[in-house]
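A.B. asks:
Protein chains in written order, with the numbering used here: chain G, 265 to 377; chain S, 84 to 197.
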């Protein structure tokens, strides 16, 4: 069983479109994250939800909106996609308050053309 | 500001030789320290972590890391490198004060030559 799964794995879309990436974890963790990895492989946190509550909201354009229907799911919706949004987006989960490591999904490679 | 530095963009080593991937951090208190590895087109995989206790931590695939509090470093090491160790390695730090954010370094690409 995959611990953290993201769909889709690849996403190619035109500028101006709206798209969503889904993430699910079956580890029972209470916190989930979205990270963006740019072309230089730098990993930057975007959002974090703890028990469905938004707790980290880094400097990210308003076009990006996370949604957490329950503790096991964290989706990322992106409006009006731009060329600069092209990157790999990783979902991760962890159990806050412990020293457990974060578990990452396989990533979604978003290409905006 | 809290930060993690991986001073080398790339480390090159011959197969069979020891390897070191460097990491230093600037985080208050006694943070939790992690190393992750990323293979091409894959997500990050956990390698090892330092929480407390012995400064030498052993992890997956024969990797180990040495915590040095005075130098605020957490270097990743392996006694004998394999070609299959070639990947991108990330050092990460999480404050132990109950915060939610894990801070990642910029990553170091390890290239092991046969």
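From the three backbone atoms N, C-alpha and C, an ideal C-beta is built for every residue, glycine too.
Could you work out which residues of chain S lie near residue 369/G, taking near to mean beta carbons separated by less than 9 Å?
C.D. replies: 126
A.B. asks: Rounded C-beta distance between residue 133/S and residue 116/S? I'm assuming under 8 Å.
C.D. replies: 4 Å
A.B. asks: Please report the straight-line C-alpha distance between residue 274/G and residue 137/S, rounded to a whole angstrom.
C.D. replies: For residue 274/G and residue 137/S, the gap between their C-alpha atoms comes out near 42 Å.
A.B. asks: For residue 193/S, report the span of its beta strand (DSSP E) as first-last.
C.D. replies: 191-196
A.B. asks: Can you tell me which of the three DSSP states residue 140/S falls into?
C.D. replies: In the structure shown, residue 140/S sits in a strand (DSSP, three-state: E or B).
A.B. asks: Could you work out which residues of chain S lie near residue 366/G, taking near to mean beta carbons separated by less than 9 Å?
C.D. replies: Within chain S, the residues near residue 366/G are 117, 119, 127, 129, 175, 177 and 185.
A.B. asks: Cβ atoms of residue 351/G and residue 298/G: under 9 Å apart, would you say?
C.D. replies: Taking C-beta atoms as the reference points, residue 298/G and residue 351/G fail to come closer than 9 Å.
A.B. asks: Is it a yes or a no for the segment 98-108 of chain S touching the segment 156-172 of chain S, going by three-plus beta-carbon pairs under 8 Å?
C.D. replies: Three or more Cβ pairs closer than 8 Å define a contact, and the segment 98-108 of chain S meets that threshold against the segment 156-172 of chain S.
A.B. asks: Within 10 Å of its beta-carbon, does residue 188/S have 16 or more other beta-carbons around it, so buried, or fewer, so exposed?
C.D. replies: By the neighbour-count criterion, in which a residue is buried when 16 or more other Cβ atoms sit within 10 angstroms of its Cβ, residue 188/S is buried.
A.B. asks: Can you check whether the CB of residue 85/S is closer than 9 Å to the CB of residue 172/S?
C.D. replies: no
A.B. asks: Between which two residues does the beta strand (DSSP E) harbouring residue 358/G extend?
C.D. replies: 351-358
A.B. asks: Could you tell me which of 361/G, 353/G and 362/G sits nearest to residue 269/G, measuring between CA atoms?
C.D. replies: 353/G
A.B. asks: Which runs of the beta strand (DSSP E) at least 3 residues long sit entirely within the segment 146-193 of chain S? Give them in chain order.
C.D. replies: 147-151, 156-161 and 170-177
A.B. asks: Please state whether DSSP places residue 242/G in a helix, a strand or coil.
C.D. replies: The structure shown does not extend to residue 242/G, since chain G is modelled only from 265 to 377, so the question has no answer here.
A.B. asks: From the DSSP output, in three-state form, read off residue 347/G for me.
C.D. replies: helix
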